[in-house]
Amino acid sequence: MEIRSISSELMKKGRMLYNNFYGVDEEDESDIAIGSNTVLIRRKEFDFFRLYVMSLDEAELEAMLLQLSDYDYAVNIPSKKPVDNWNSILQKCGFDFLDVYSRYYNNNIKSFPVNINTFATVDEVDSVADLLYNNFSLYTDHLPSKKELCMMAANQQIIADYKDGKLCGVLIYTITGNKGYQNAWIDKGDNGIALLLKVKSIFIEQGIKYCYYWIKDTNKDVIKMHTMMGGKPDGLKDYNYLKRNNKN
Amino acid sequence: MELVDFLANFADQFDDTDPSEITAETKFRDLEEWSSLTGLSVLNMIDKKYDVRLNFAEFKTANTIQELYDLVSMYTDK
């Protein structure tokens, strides 16, 4: 049974109390647990599962979440409103709060001339992955898989910086229609700003009207940089929780 | 464009650096507070105050504030 139809069946029964399945792509590689008034969907990411929840029944949801103990489970709740109800039930069921991210947008994209014009190739995907996976959080940063990185490299979506011939920085972006998304940005050298200016130049060249990116709320310097470049929070936040495997 | 104003505008981009440390001869990349953030802030200041969008590679060639001032002057004097 397709997730969409399960979801619409559940919605017919009453008001959804918990739902973080908005806008998620339908995928075959999902496991589904169905209760009377609750559906849990889990998808493998790296060595943990990301969990999606739809429930009309708090007690049933609590019982089902308490049973999760075989792997690490990450849950993220994108919301423009406070998530006190989520916080309460997740913590009761053994999830720890990790971080909150805010989405920023920029509808007046500006840049400075920049000479950097290097993109990571498919052959460099392992180095790109090392850079990302060793410096960002697999649980909260929604990092592309190696397979996705290969496609992004082939499409020149990974702007790259090198130091002494070695990859030291990347800025990964995607474009959908007239919107640009900055997916990940890291530079261990001294050219991080050049990567940022380059992606802005690409967006301007391609007629992108809006660009979006997520920033961890505690990352004050990056918030300042993006604010300086015209970025503004749009009110959407992403609250992240993790339940660790009992066997660890 | 006056150097004295440029120095004051440059110093404004720092939160913790004593303005007396900001002179024409200062090697600004050696300042303790210098970072990517202050670099971007200086580029923005030059854009807003002097209407010059410096090429990032050019910007990186300047070591002292005098050199940066001279670079910006090349565009404002045109």
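Line by line, the protein sequences give chains V and R.
Going from the first sequence to our numbering is simple: count from 1 and add 3.
Going from the second sequence to our numbering is simple: count from 1 and add 1020.
Just so it is clear, CB atoms sit at the ideal spot from N, CA and C, and this is done for glycine as well.
| Which class does L1027 (chain R) belong to by DSSP, given the choice of helix, strand or coil? | The residue you call residue 1027 (chain R) lines up with position 7 of the second sequence. Three-state DSSP puts L1027 (chain R) in a helix.
| Looking at the structure shown, is N243 (chain V) part of a helix, part of a strand, or coil, going by DSSP? | Start at 1 with the first residue of the first sequence, and residue 243 (chain V) comes out as number 240. Residue state, collapsed to three classes: strand.
| request: Please check if any C-beta of chain V sits within less than 7 Å of the C-beta of A1077 (chain R). | output: Looking up residue 1077 (chain R) in the second sequence gives position 57. Output row for A1077 (chain R): interface = yes.
| said: Taking 7 Å as the threshold (beta carbon to beta carbon), is K191 (chain V) in contact with chain R? | reply: Reading the first sequence from its first residue, position 188 is the one you call residue 191 (chain V). At a cut-off of 7 Å between beta-carbon atoms, K191 (chain V) makes no contact with chain R.
| message | Please list, in chain order, the chain R residues whose beta carbon lies closer than 9 Å to that of I197 (chain V). | response | Sequence index remark: in the first sequence, residue 197 (chain V) carries index 194 (1-based). The sequence given here places Ala at residue 197 (chain V); Ile does not occur at that position. Correct list: F1076, A1077 and K1080.
| Can we say the segment 101-115 of chain V touches the segment 232-247 of chain V, given the rule of at least three CB pairs closer than 8 Å? | yes
| query | Can you name the residues of chain R whose CB is closer than 7 Å to the CB of F139 (chain V)? | reply | Within the first sequence, numbered from 1, the residue matching residue 139 (chain V) stands at position 136. Under the 7 Å cutoff, chain R gives no residues; its nearest Cβ is about 17 Å from F139 (chain V).
| field | Contact the segment 1022-1030 of chain R vs the segment 109-116 of chain V: 3+ CB pairs below 8 Å | value | no
| field | Segment limits, alpha helix (DSSP H) that includes D1079 (chain R) | value | Reading the second sequence from its first residue, position 59 is the one you call residue 1079 (chain R). For the sequence presented, residue 1079 (chain R) should be read as Phe rather than Asp. From DSSP, the alpha helix (DSSP H) with F1079 (chain R) extends over F1076 to T1081.
| said: Check this for me: beta carbons of G38 (chain V) and K246 (chain V), under 7 Å apart or not? | reply: Residue 38 (chain V) sits at position 35 when you count from the first residue of the first sequence. Residue 246 (chain V) sits at position 243 when you count from the first residue of the first sequence. The answer is no: Cβ separation not under 7 Å.
| query | Residue range of the alpha helix (DSSP H) that N90 (chain V) falls in? | reply | Taking the first residue of the first sequence as position 1, residue 90 (chain V) is located at position 87. Start and end: D87 to K95.
| Which residues does DSSP pair with D164 (chain V) in a beta bridge? | Indexing the first sequence from 1 puts residue 164 (chain V) at position 161. For D164 (chain V), which the question treats as bridged, DSSP gives the partners V:G172.
| To which residues of the same chain is Y1095 (chain R) closer than 6 Å at the C-beta, ignoring the five residues directly before and after it? | Here the question's residue 1095 (chain R) lines up with position 75 in the second sequence. The residues are V1072.
| query | From the DSSP output, which residues share a beta bridge with R46 (chain V)? | reply | Here residue 46 (chain V) is taken as the residue at index 43 of the first sequence, counted from 1. V:S33 and V:R53.
| task | Specify whether the segment 114-129 of chain V and the segment 141-148 of chain V touch according to this definition: at least 3 beta carbon pairs, one from each stretch, less than 8 Å apart. | result | no
| query | Whose Cβ in chain V lies nearer than 9 Å to the Cβ of S1061 (chain R)? | reply | Here residue 1061 (chain R) refers to the residue found at position 41 when the second sequence is read from its first residue. Residues of chain V passing the Cβ test: K227, M228 and M231.
| message | Counting only beta-carbon separations shorter than 7 Å, does N1064 (chain R) have a partner in chain A? | response | Given the protein chain composition of this structure (V and R), no chain A is represented.
| task | Measure the C-alpha to C-alpha separation of S1061 (chain R) and K227 (chain V) and round it to an integer number of angstroms. | result | For the purposes of this step, residue 1061 (chain R) is taken as the residue at position 41 of the second sequence. For the purposes of this step, residue 227 (chain V) is taken as the residue at position 224 of the first sequence. Rounded to whole angstroms, S1061 (chain R) to K227 (chain V) spans 9 Å at the Cα level.
| query | Does the count of Cβ pairs from the segment 1036-1046 of chain R and the segment 229-237 of chain V closer than 8 Å reach three? | reply | no
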